[in-house]
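Reading through the structure tokens given below for one structure.
Number of protein chains: 2
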Amino acid sequence: MHVAARRRGPFASVKITDVATEAGVAPMTVSRVLNTPERVSETTAARVREAIEKLGYVPNMIAGGLSSRRSRMIAAIVPTIASPMFSEPVQSFTDAMHRAGYHVLLGLSGYTPGTEDGLIRAVLTRRPDGLLLTGAAHSPEVKRLLRDAGVPVVEIWDASDTPTDMLVGFDHAEIGAKVADFFLARGHRRFAVLTAGDPRARLRRRGFIDRIEARGGVLVAERILPAPSGIRDGRTALQAIADQIPPRTALFCGSDLVAFGAVTQARALGIAVPETLAVCGFGDFELAQASEPPITSVGVDGTAMGRQAAENLLARLAGGSAPRRILIPAGIRERATT
Amino acid sequence: MHVAARRRGPFASVKITDVATEAGVAPMTVSRVLNTPERVSETTAARVREAIEKLGYVPNMIAGGLSSRRSRMIAAIVPTIASPMFSEPVQSFTDAMHRAGYHVLLGLSGYTPGTEDGLIRAVLTRRPDGLLLTGAAHSPEVKRLLRDAGVPVVEIWDASDTPTDMLVGFDHAEIGAKVADFFLARGHRRFAVLTAGDPRARLRRRGFIDRIEARGGVLVAERILPAPSGIRDGRTALQAIADQIPPRTALFCGSDLVAFGAVTQARALGIAVPETLAVCGFGDFELAQASEPPITSVGVDGTAMGRQAAENLLARLAGGSAPRRILIPAGIRERATT
DNA sequence: TTGTATGCGTTATCAT
DNA sequence: ATGATAACGCATACAA
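The listed protein sequences derive, respectively, from chains A and B.
Residues 1 to 338 (my numbering) are what the first sequence spells out, left to right.
Residues 339 to 676 (my numbering) are what the second sequence spells out, left to right.
Next comes the structure, spelled out in structure tokens:
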């Protein structure tokens, strides 16, 4: 037979019709037992479930998705999950989506411009019911593509005035300025920045530097680090700017890992923290909270961000609406390094 | 029309037939241009690409998957990505899969027994072409389900003699014993363990304790921590066992985060490291390498593990074969805490 | 509450 | 190198 000759895929293809036959009902009834059990009488449902069990039926959502035009998949695209900055929101987002019966397609775009574009294109091919993206800066073509697709999109970690669709984030430049104000209020006049070169880190840096210069402060040292940057990058960079630090400098780091590295290296060099070097990190990771000395940091609740993004998306998927722009609180947690 | 009345899904459904019409070819030719361009003459291919561009066609892999019975998706199921233990392999695995044209479905199973089962079942519903699982301990039903599915499976982070299909990992009990030997060789007689309660951490603990007792060592303190455990858990636990530490104890920690917490707290309490308290962590995360003092740890290359898992899977997906069991090297990196 | 008819958008297969 | 045809396995829409 033609059909039988077809390549035997995996999944010893028990299909919905087999279950239906076994249970003595129509395929549609089996489908209902699976998707809308409340519309099936308990007795037939039981019979169907028995047949499913007996045959070891595993529904095929690919077929279901083609028919219903809903994939029940969400694509989540972040630069990396090697940093808590993104692993936290992805973790909470995925958890929330699982609870709602969705699966998450993980896309890692790296920090090379252009990769994200390709990834978004590729992922749209799978017809996700929704998208989680990092940042609101996408190429015009992709923005158009997303609109055409008509798929709900949440952008996180950013605060554009013109999100593609929905946004859950905060203003990085504002945070930078806030940190500057924090230092200025404590009498600092000399400043330094260690930050990665990614767009959002650059925004924080910009906000920080602008505010400092507006208030007559002096930027005595600066280093742009690779993204994602880590503890070692912080140590190396601090080593490189050590000479500029005395008599007293306030340092803003692009992430808590960098801040931890800077503090560690400063102490190794005999630079007093916070007396000679005051340090503020970013992210408020466990490392900042639980290391010694605990590090002052900008608290951004990545877990909450992921959860909120999921909520928004789910609201829209349920046919409802969700806020276009949610700014999540981000404040300075003062600790022993300032 | 019936068809037109159907719920308008997203994706202003330009389909392959539209492209075909526009280009004046059969749909199958468009499909070939997309999937096997080498089988199409360059001139028609160019015409087709032009049509695709003009119409903004985005292929539908759901339909393609149904027809070809290959989803070009791999499911990766790990307990969490909040720990570098799993985020590293997932990162490298996903990167490798992306490069090969596959997408990764991320499943987070947590540490509650039973969750993984449900997740595997759910994910099989999407007909992944392959699976990455954490550990080789699955319920008999799931193992059967996986075999029936006929899908290639790689299990990581474990060294069962009877992997479901393929395995890339190492023997945790052996590592525990290795750490014990390491300490014993340095004259230690008093030992302590701080480890999470997950199955693999328990294996390491078991191997450690058994070896110690076999060699006449004494376990003076032990704490089981929540999984995944962090820096704070390490600090708290060390605080709790501080009295048992003098005059000299060797501590094995279930993860570098815990080890870092323990070292931090020990120093805060004035316990000399490594003189009074020798510490060995697990995972060899950047934190162990770059903190002060650098922490002795068991090095496991999570990135390599993920990459190797991807390689195996890809080999099988390409119709080839791959080793059933790959043990990756895991050795002690001696640093300043021992 | 249950069943019937039909289409979802693509690719395998065979034919030319 | 290209085309015609027939599935792929399910859910929508409607009827009973």
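Every residue gets a Cβ at the ideal spot worked out from N, C-alpha and C, and that includes glycine.
Fair warning: this is a prediction, and the values are worked out from it, not measured in the lab.
According to DSSP, residues forming a beta bridge with residue i
{"i": "Thr-634 (chain B)", "result": "B:Cys-618"}
{"i": "Gly-445 (chain B)", "result": "B:Ile-415"}
{"i": "Leu-133 (chain A)", "result": "A:Ile-77, A:Glu-155"}
{"i": "Phe-529 (chain B)", "result": "B:Leu-557, B:Ala-588"}
{"i": "Leu-505 (chain B)", "result": "B:Glu-493, B:Arg-663"}
{"i": "Arg-333 (chain A)", "result": "A:Ser-297"}
{"i": "Ile-562 (chain B)", "result": "B:Thr-533"}
Neighbour flag for residue i against chain B, beta carbons, 8 Å
{"i": "Pro-59 (chain A)", "result": "yes"}
{"i": "Asp-165 (chain A)", "result": "no"}
{"i": "Asp-243 (chain A)", "result": "no"}
{"i": "Glu-88 (chain A)", "result": "yes"}
{"i": "Leu-105 (chain A)", "result": "yes"}
{"i": "Gly-56 (chain A)", "result": "yes"}
{"i": "Arg-127 (chain A)", "result": "yes"}
{"i": "Arg-324 (chain A)", "result": "no"}
{"i": "Gln-91 (chain A)", "result": "yes"}
{"i": "Val-123 (chain A)", "result": "yes"}
{"i": "Ile-339 (chain A)", "result": "Within the shown structure, residues of chain A are numbered from 1 to 338, placing residue 339 (chain A) beyond reach of any answer."}
{"i": "Asp-161 (chain A)", "result": "no"}
{"i": "Ile-81 (chain A)", "result": "yes"}
{"i": "Arg-49 (chain A)", "result": "no"}
{"i": "Arg-7 (chain A)", "result": "Below a pLDDT of 50, predicted positions are generally treated as unreliable, and Arg-7 (chain A), at 36, falls in that range; no measurement from the model is reported."}
{"i": "Asp-18 (chain A)", "result": "no"}
{"i": "Ser-148 (chain A)", "result": "Looking at the sequence provided, one finds Asp at residue 148 (chain A) rather than Ser. Yes, its Cβ sits closer than 8 Å to a Cβ of chain B."}
{"i": "Arg-215 (chain A)", "result": "no"}
{"i": "Ser-235 (chain A)", "result": "In the sequence as displayed, the identity of residue 235 (chain A) is Arg instead of Ser. Yes - at least one Cβ of chain B is within 8 Å of the one on Arg-235 (chain A)."}
Residue-chain proximity (residue i, chain A), Cβ-Cβ < 8 Å
{"i": "Glu-454 (chain B)", "result": "no"}
{"i": "Val-368 (chain B)", "result": "no"}
{"i": "Gly-640 (chain B)", "result": "no"}
{"i": "Glu-335 (chain B)", "result": "Any question about residue 335 (chain B) goes unanswered here, given that chain B covers just 339 to 676."}
{"i": "Arg-561 (chain B)", "result": "no"}
{"i": "Arg-673 (chain B)", "result": "no"}
{"i": "Thr-472 (chain B)", "result": "no"}
{"i": "Thr-450 (chain B)", "result": "no"}
{"i": "His-436 (chain B)", "result": "yes"}
{"i": "Thr-432 (chain B)", "result": "yes"}
{"i": "Gly-568 (chain B)", "result": "yes"}
{"i": "Met-339 (chain B)", "result": "With a pLDDT of only 29 at Met-339 (chain B), under 50, the local geometry of the prediction cannot be trusted, and the value read off the model is given with reservation. So, not an interface residue."}
{"i": "Leu-532 (chain B)", "result": "no"}
{"i": "Leu-446 (chain B)", "result": "yes"}
{"i": "Ala-342 (chain B)", "result": "Note that Ala-342 (chain B) has pLDDT 30, beneath the 50 cutoff, so the model's placement of it is unreliable and the number below is only indicative. Taking Cβ atoms only, chain A never reaches closer than 8 Å to Ala-342 (chain B), which makes this a no."}
Inter-residue CB distance, residue i and residue j (contact presumed, cutoff 8 Å)
{"i": "Arg-285 (chain A)", "j": "Asp-256 (chain A)", "result": "The question names Arg, but residue 285 (chain A) in the sequence shown is Phe. Sure, about 4 Å apart at Cβ, within 8 Å."}
{"i": "Val-90 (chain A)", "j": "Ile-419 (chain B)", "result": "6 Å"}
{"i": "Met-411 (chain B)", "j": "Tyr-440 (chain B)", "result": "7 Å"}
{"i": "Gly-456 (chain B)", "j": "Pro-417 (chain B)", "result": "Contact doesn't hold; Cβ gap of about 14 Å is too wide."}
{"i": "Leu-563 (chain B)", "j": "Ile-547 (chain B)", "result": "Incorrect: roughly 16 Å between the Cβ atoms, too far for contact."}
{"i": "Leu-443 (chain B)", "j": "Ala-413 (chain B)", "result": "4 Å"}
{"i": "Arg-645 (chain B)", "j": "Ser-409 (chain B)", "result": "Not quite, the Cβ-Cβ distance comes to about 22 Å (not below 8 Å), so this is no contact."}
{"i": "Thr-136 (chain A)", "j": "Thr-115 (chain A)", "result": "The displayed chain sequence assigns Ala, not Thr, to residue 136 (chain A). 17 Å between Cβ atoms; not a contact."}
{"i": "Val-596 (chain B)", "j": "Ser-567 (chain B)", "result": "5 Å"}
{"i": "Ala-518 (chain B)", "j": "Arg-549 (chain B)", "result": "4 Å"}
{"i": "Ala-539 (chain B)", "j": "Arg-561 (chain B)", "result": "Ala-539 (chain B) to Arg-561 (chain B), Cβ: 12 Å. No contact."}
Contact between the segment 380–396 of chain B and the segment 355–367 of chain B (3+ Cβ pairs under 8 Å): Short answer: they touch.
Short-range partners of chain A found in the segment 599–631 of chain B, where Cβ spacing is below 8 Å: The segment 599–631 of chain B vs chain A, Cβ under 8 Å: Gly-599, Thr-602, Arg-605, Ala-606, Glu-624, Leu-625, Gln-627, Ala-628, Ser-629, Glu-630.
Meets three-Cβ-pair contact criterion under 8 Å: the segment 529–536 of chain B and the segment 566–584 of chain B: Cβ pair count under 8 Å is three or more, so yes.
Interface positions of the segment 396–417 of chain B facing chain A (Cβ-Cβ less than 7 Å), listed along the chain: Taking 7 Å as the Cβ-Cβ cut-off against chain A, the residues of the segment 396–417 of chain B that qualify are Val-396, Pro-397, Asn-398, Met-399, Ile-400, Ala-401, Gly-403, Leu-404, Arg-407, Ser-409.
Cβ contact (3+ pairs, closer than 8 Å) linking the segment 503–517 of chain B and the segment 657–670 of chain B: Yes: at least three Cβ pairs fall under 8 Å.
Given 8 Å, three or more beta-carbon pairs between the segment 640–657 of chain B and the segment 599–619 of chain B: Not touching, per the Cβ criterion.
The segment 624–634 of chain B touching the segment 480–488 of chain B, judged by at least three CB pairs closer than 8 Å: Taking a cut-off of 8 Å for Cβ pairs, the segment 624–634 of chain B and the segment 480–488 of chain B do not touch, as fewer than three such pairs fall below it.
Contact residues within the segment 517–542 of chain B, judged by C-beta distance below 9 Å to chain A: Flagged: no residues at all.
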